[in-house]
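When you line the sequence shown up against the working numbering, it's residues 109 to 214, in that order.
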Amino acid sequence: MEHIAALLLIIGCSADLKQCAELPSPVTVFETAEECQDILPQSLHAFQTKRPRVFATCVPVDPAMEEEDAELLWDVTPQGHLIASVEAVPPKVMVKASPEQPVIRK
109 MEHIAALLLI IGCSADLKQC AELPSPVTVF ETAEECQDIL PQSLHAFQTK
159 RPRVFATCVP VDPAMEEEDA ELLWDVTPQG HLIASVEAVP PKVMVKASPE
209 QPVIRK
């Protein structure tokens, strides 16, 4: 079974950093962080002409999260720094109401 150790994240932004979006990477998952770091410079270079500002980073993934639902969270700060992480999504709790006790959701 293949373990994912890192994700390559490429983000393209407007010049003022007010509009940013993920850009498609030719390879997105890597078994080692080193493999991701090796391809990062050429991947970043390939997108330099696609958007006014382009950022890329290798986001570490904890192999223990392999069986969990997870989401990739990222933000570009006003100073032009890309911050990214992979976070576990908390499991949804199912609540079953009894006929005598209705469920009230806020």
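Each residue gets a CB set at the ideal place from its N, CA and C atoms; glycine is no exception. Quick caveat: nothing in here was measured; it's all calculated off a predicted structure.
What is the residue span of the beta strand (DSSP E) that residue 129 lies within?
Taking the sequence shown and counting its residues from 1, the one referred to as residue 129 is at position 21. The continuous beta strand (DSSP E) containing residue 129 extends over residues 128–131.
In the DSSP output, which residue or residues are listed as bridge partners for residue 121?
Within the sequence shown, numbered from 1, the residue matching residue 121 stands at position 13. Paired residues: 128, 161.
Which listed residue (171, 152, 146, 140) has its alpha carbon closest to that of residue 118:
By one-based count along the sequence shown, residue 118 stands at place 10. Nearest of 171, 152, 146, 140 to residue 118, Cα basis: 152.
Inter-residue spacing [alpha-carbon to alpha-carbon] between residue 181 and residue 129:
Against the sequence shown, residue 181 aligns to sequence position 73. Against the sequence shown, residue 129 aligns to sequence position 21. A direct Cα-to-Cα measurement between residue 181 and residue 129 gives close to 12 Å.
Classify residue 197 as helix, strand or coil using the three-state DSSP reduction.
Within the sequence shown, the letter at position 89 stands for residue 197. Three-state result, residue 197: coil.
What separation, rounded to the nearest whole angstrom, lies between the Cα atoms of residue 84 and residue 120?
The structure shown does not extend to residue 84, since the chain is modelled only from 109 through 214, so no value can be given for it.
Alpha carbons only, please: which of 193, 189, 113, 194 is nearest the one belonging to residue 144?
To locate residue 144, count along the sequence shown from 1; it is residue 36. Minimum Cα distance to residue 144 is reached at 113.
Selected residue, minimal CA-CA separation from residue 170, among 131, 185, 194, 135:
On the sequence shown, position 62 is the one that residue 170 refers to. Cα-wise, what sits closest to residue 170 is 194.
Distance between residue 150 and residue 185 (C-alpha atoms, nearest Å):
Residue 185 sits at position 77 when you count from the first residue of the sequence shown. Residue 150 sits at position 42 when you count from the first residue of the sequence shown. One C-alpha to the other measures close to 23 Å.
Give me the Cα-Cα distance between residue 179 and residue 116, rounded to the nearest whole angstrom.
Sequence index remark: in the sequence shown, residue 179 carries index 71 (1-based). Sequence index remark: in the sequence shown, residue 116 carries index 8 (1-based). Each residue's Cα considered, the two are about 14 Å apart.
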